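Here the sequence shown is numbered in the numbering used here, starting from 29 and rising by one per residue. The structure under discussion appears below in the form of structure tokens.
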Amino acid sequence: MTRIFGMYLLVLVSFLCQAQSPASLKFPTYSNTKYFSDSVHVTEMLSEWGIGAGAFRCNGDIANDNSFVVDNLSPAAQLYFKRYFIPNLAWKINLLLSRFKDADSHYGTPQEWRDERDFTYETDLGALSLRLEWDIFGRKRFRHRDTIVYKLDNYTEYAIVEKLRHFPAPYLFIGGGMVSFKAKTSYQYLEGLSGLAPAVQQDIANNDGMHSKLNWTAGAGVNIDLSRTVVLGFEIGSSFANSDYLDGISFSGNPNKPDWWWYGGINLGFRLGTKDRDRDGVPDKDDKCPTIPGSQLTRGCPDADGDGLADREDDCPHKPGIRALAGCPIKDEDEDGVPDVDDKCPTVPGLFDFAGCPDTDGDGIEDAKDSCKTVAGIAQFNGCPDTDGDGIEDAKDACPTEPGPAEYYFGCPVRDTDGDGVEDKLDQCLLVAGKPEFKGCPDTDGDGVEDRLDVCPDIAGLSENKGCPKVEKKDLEKLELAVKDVKFESARSTLKPQSGKILGEIADILKRYPYYDLQIDGHTDSQGKEEANQKLSELRAQSCADFLTGKGVEKERFIVNGFGETKPIADNKTAAGRSLNRRVEFELILRDKSTKN
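So this is what it looks like as structure tokens:
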């Protein structure tokens, strides 16, 4: 154990001595931000060393992979060095040391032959690995920006400070390295016999002295910042060694399954950083006033008025101002909130939107571009009004308070273009004589349904039937009868000859009611596959539509659906029920006005 620890500790210490000092985080800044000074970055600790302790468990030929008992656990310790190279990725040198042991008597499921065999082992192990660690929220933690806004009237300046946010930080890791171990194995039951089994003899021969093998490791953890420099971590991971001799047993156990281990524990890490004597968050090497607390924005120097300019550079240190005026307030002669340097009308109070120039009538058009400065107007007429909103400015409108067309009445309203007694401004059918109750629109067939909504404007009908006559009862009965009379060849979409009579009668009905469409719905029983039934129902409905098309009915008038076995009307468990479920239904659908041919 001492040799393993010394060898790996020497390698790790040599590496730590060569590690460079931490550097400031440098990230891109916002391109559209106006700064008081260069962007300020907080120097955070990008390097970290730490120690850890926890529990170690080896899964080999003696311990059961699926068992978990306290006797299987052994203590272990860690020593590590970590360094970030981007905000959410770091490499980590990790040294794990443990002396672990196990026995047949600790096997999870009691087995008499194991208790009699009573193999035991004790192993000293040291594992040095190089890991790649992914800080899942690293970019949010290290790239957090605080935006500081300074506003003075209508003048605004911004500055951005980047810093580390402290919150629980989960991470994942993967890596590889070298593991060295020496196992001492006891074959107590067999040692009392006159000779050892060949497998045991081979294990004894192969397990002589120290072993060094490659190993691979992976796991997860979470870090919690106790302070700016101290980190508490919880970690669990597993490692696979390229060896089956971690417990000193292979051929006398399971030689086809390499040994592996897992480790879980607590780490305490310490970040390496630079001095900050005045504790203002700005490292001394970047602090222009290292012994006087200041702000990050002013590089560590005090700023009494909080205007983003250090007091030593501020001509008005107790009055917020701007850098352009050496920290003094902005000059605004007309007191309109627009600095004189940006005010195009510096002696006349105005609006910020117009660079300090006035808009007397408040119509959103500055006076310099307003042809009617004292009367609110619209941009279309250069600030002059159109009171009635008819698109004719009041100066050219014969009826400025009454909307009307310019081409006939110079802005005055039209009386009654179609002579139906409905004024044009109320007439929804301006060029067609109509009835007042329909706002000037006609009802040609006089059935009380205006033509715009009447599916049958030339045939008197009922309002509840969209202005069309109802279908006669005898015709509806024929459609119901067709459900039973339309027959097909078994499991096919071919119509039987006797179906032609009733389908011919349906064609005659459609010709008598040209304002109706026909919905044809195909159904099947539940015999056979669902997909096949769906397809058959669609084909049978389409066969009926094709037959009617051949009888002179426009194909656009059909709504063809197939529902397969999804809408039974009887029990599919009986032959009679299945017969009723195999059907094609016909329904007249009154066409909407918008779809009428």
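Where is the CB? At the ideal position from N, CA and C, for every residue including glycine. Predicted, not measured: the structure shown is a model, and the values here were computed from it.
Beyond the five residues adjoining it in sequence on each side, residue 421 comes within less than 6 Å, by CB distance, of 409, 412 and 414 in the same chain, given in chain order.
Of the candidates 108, 88 and 146, 108 places its Cα closest to the Cα of residue 81. Taking 3 residues as the minimum length, the segment 512-545 contains no beta strand (DSSP E) run wholly inside it.
Put simply, the backbone Cα of residue 449 is about 30 Å away from that of residue 497. Spanning the alpha carbons of residue 128 and residue 263 requires a straight line of approximately 19 Å.
In the DSSP annotation of this structure, the continuous segment of the alpha helix (DSSP H) that includes residue 574 starts and ends at 558-578. For residue 106, the uninterrupted beta strand (DSSP E) segment begins and ends at 102-114. As DSSP reads the structure, residue 151 sits in a beta bridge with 128 and 211. Taking the Cα of residue 527 as reference, the smallest distance to any Cα among 586, 510, 226 and 198 is reached at 510. Beta-bridge partners assigned by DSSP to residue 261: 251 and 295. At a Cβ-Cβ threshold of 8 Å, residue 215 and residue 248 do not count as neighbours. It is roughly 20 Å from the alpha-carbon of residue 419 to the alpha-carbon of residue 456. Setting aside the 5 residues that flank it on each side, residue 371 is surrounded in the same chain by 384, each with a C-beta closer than 6 Å to its C-beta; the list follows chain order.
Distance from the CA atom of residue 472 to the CA atom of residue 446, rounded to whole angstroms, is 16 Å. Using a Cβ-Cβ distance cut-off of 8 Å, the segment 317-331 and the segment 291-300 are not in contact, since fewer than three pairs of beta carbons, one from each stretch, lie closer than that value. Remark: C-beta atoms of residue 427 and residue 417 do not approach each other more closely than 8 Å. Using a Cβ-Cβ distance cut-off of 8 Å, the segment 576-583 and the segment 550-566 are not in contact, since fewer than three pairs of beta carbons, one from each stretch, lie closer than that value. A contact between stretches requires three or more CB pairs, one per stretch, nearer than 8 Å, and the segment 339-349 fails this requirement with the segment 359-374. Residue 85 has 290 as its beta-bridge partners, per DSSP. Rounded to the nearest whole angstrom, the C-alpha separation of residue 282 and residue 256 is 49 Å. Between residue 267 and residue 238, the CB-CB gap reaches or exceeds 8 Å. In this structure residue 243 is in contact with residue 205, their Cβ atoms being roughly 6 Å apart against a cut-off of 8 Å. The bridge partners DSSP lists for residue 199 are 163 and 249.
Taking a 10 Å sphere around the C-beta of residue 236, we find fewer than 16 other C-beta atoms and assign the residue as exposed. Ranking 533, 524, 487 and 195 by CA distance to the CA of residue 504 puts 533 first. In the displayed model, residue 342 falls within coil according to three-state DSSP, outside both helix and strand.
If only complete runs of 4 or more residues are kept, the segment 350-438 shows the alpha helix (DSSP H) at 434-437, in order along the chain. Using a 10 angstroms sphere on the CB of residue 459, the tally of other CB atoms stays under 16, which defines it as exposed. A direct Cα-to-Cα measurement between residue 156 and residue 334 gives close to 52 Å.
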